[in-house]
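In our numbering, each residue's number is its place in the sequence shown (first place is 1) plus 6.
Below is one structure; the comments refer to it alone.
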Amino acid sequence: MFTLFARSNMKVLHLVPSAFEYYDDIRSRVSGWLNHMPEFGVEVEVVTIYYGTTAQGMKKQTAAESPKSKFIGRVETGEVVSNWGDYDLIHWHCPFMGGARHFLDAVISHPDIPLVVTVHRLPRFGDILEIVMYWYNRYWLRKILRVATAVALVDPNLATEKWVRGAVGNQDKVFAMYPEVFKDQKKFTPRAVAEHLVILYNSIVQRS
Numbered sequence: 007m008f009t010l011f012a013r014s015n016m017k018v019l020h021l022v023p024s025a026f027e028y029y030d031d032i033r034s035r036v037s038g039w040l041n042h043m044p045e046f047g048v049e050v051e052v053v054t055i056y057y058g059t060t061a062q063g064m065k066k067q068t069a070a071e072s073p074k075s076k077f078i079g080r081v082e083t084g085e086v087v088s089n090w091g092d093y094d095l096i097h098w099h100c101p102f103m104g105g106a107r108h109f110l111d112a113v114i115s116h117p118d119i120p121l122v123v124t125v126h127r128l129p130r131f132g133d134i135l136e137i138v139m140y141w142y143n144r145y146w147l148r149k150i151l152r153v154a155t156a157v158a159l160v161d162p163n164l165a166t167e168k169w170v171r172g173a174v175g176n177q178d179k180v181f182a183m184y185p186e187v188f189k190d191q192k193k194f195t196p197r198a199v200a201e202h203l204v205i206l207y208n209s210i211v212q213r214s
């Protein structure tokens, strides 16, 4: 049985997507989760994956949504990779845009540091930029899911998506996080999700 509270000083880096307004839903959701993780003994740092600068408005909004986590904002990929070994676990939130090659290389070169990947939704197929991000994720997300230690799915439809299942490979590493897995869906709260994620982190770190 795995304990809820993280082992002493567990430090987790969250890679959160940001591309204009396209990933605001994911960033806002994740901020809600991360705000509760320190309650369970997890030190959280957050960087945004994006090829542009982090808007001041985003920093303020994220700080308001998740005041207990350390929001670093946009950091050069090289700086993130150079500090990869400072963390006990990396949590990559997808879909995303930018930095895939550098971060994937870091994952592969640090096999002792577990990688959790949360797929929040499928890439959308709308305007020109969304089309670019769609195919970017269809290419890179396959590679990322293949090397992930655990894959958390927020949308139950993702569990039956053929290319997602094919990319994940071993279905034993899939962790369901959609409301249907909670007996009482009213309990599908940011704190409840944070609690489930910390249990997942503990199970992974204890095995590594």
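Glycine included, each C-beta is placed from N, C-alpha and C at the ideal position.
All values reported here derive from a predicted model rather than from experimental measurement.
task = Provide the residue span of the alpha helix (DSSP H) that contains Trp169, from first to last.
result = Taken as a continuous stretch (DSSP letters only), the alpha helix (DSSP H) holding Trp169 covers Lys168 to Val174.
Beta-carbon contacts of Trp169 that lie in its chain and below 8 Å, excluding the five residues immediately before and after = Arg144 and Arg148
query = So does the region 31-42 actually touch the region 195-202, counting three or more Cβ pairs closer than 8 Å?
reply = yes
Per-residue burial, His20 [other beta carbons within 10 Å of its own, 16 or more giving buried] = buried
query = Pick from Tyr142, Glu51, Ala182 and Val211: whose alpha carbon is nearest that of His126?
reply = Ala182
query = Should Pro162 and Pro129 be called a contact, given that it needs their Cβ atoms to be closer than 7 Å?
reply = Taking 7 Å as the Cβ cut-off, Pro162 and Pro129 do not qualify as a contacting pair.
Where Gly132 falls, given that 16 or more other Cβ within 10 Å makes a residue buried = Gly132 counts as exposed, since fewer than 16 other C-beta atoms from the protein chains shown sit within 10 angstroms of its C-beta.
key: Under the three-state DSSP convention, the category Ala218 falls into   = Nothing can be reported for residue 218: it is not among the residues displayed for the chain, which extend from 7 to 214.
request  = Return the Cβ separation of Lys17 and Asp118 in integer angstroms, given the expectation that the two are a contact with Cβ distance under 8 Å.
outcome  = Rounded, the Cβ-Cβ distance is 14 Å, inconsistent with contact.
Which residues DSSP lists as bridging His99, in chain order = The partner list for His99 (beta bridge, DSSP) reads Thr124.
ask   = DSSP on Glu51, reduced to helix/strand/coil?
value = In the structure shown, Glu51 sits in a strand (DSSP, three-state: E or B).
key: Start-to-end residues for the beta strand (DSSP E) that takes in Leu40   = No beta strand (DSSP E) contains Leu40, which is instead part of the alpha helix (DSSP H) from Asp30 to Leu40.
Rounded C-alpha distance that separates Gln212 from Ile205 = 11 Å
request  = List the whole-angstrom C-beta distance separating Ala165 from Arg152, where the pair is believed to meet the contact cut-off of C-beta under 8 Å.
outcome  = About 17 Å separates the two Cβ atoms, so there is no contact after all.
ask   = Looking at the structure shown, is Pro117 part of a helix, part of a strand, or coil, going by DSSP?
value = DSSP places Pro117 in coil when its eight states are reduced to three.
query = What do you get for Val138, buried or exposed, if any count of 16 or more other CB atoms within 10 angstroms of its CB means buried?
reply = Exposed, since its Cβ has fewer than 16 Cβ neighbours within 10 Å.
task = Classify Pro23 as helix, strand or coil using the three-state DSSP reduction.
result = strand
query = Would Leu203 be called buried (16 or more neighbouring beta carbons within 10 Å of its own) or exposed?
reply = buried
task = Compute the beta-carbon to beta-carbon distance between Trp146 and Ala106, rounded to the nearest angstrom, for a pair I have assumed lies under 8 Å.
result = That pair is a contact at about 4 Å.
inquiry  = Going by DSSP, what residue range makes up the beta strand (DSSP E) through Ala6?
reply    = Because the chain is modelled from 7 through 214, residue 6 falls outside the range shown and cannot be assessed.
ask   = With 16 other CB atoms within 10 Å as the buried threshold, where does Ser34 fall?
value = exposed
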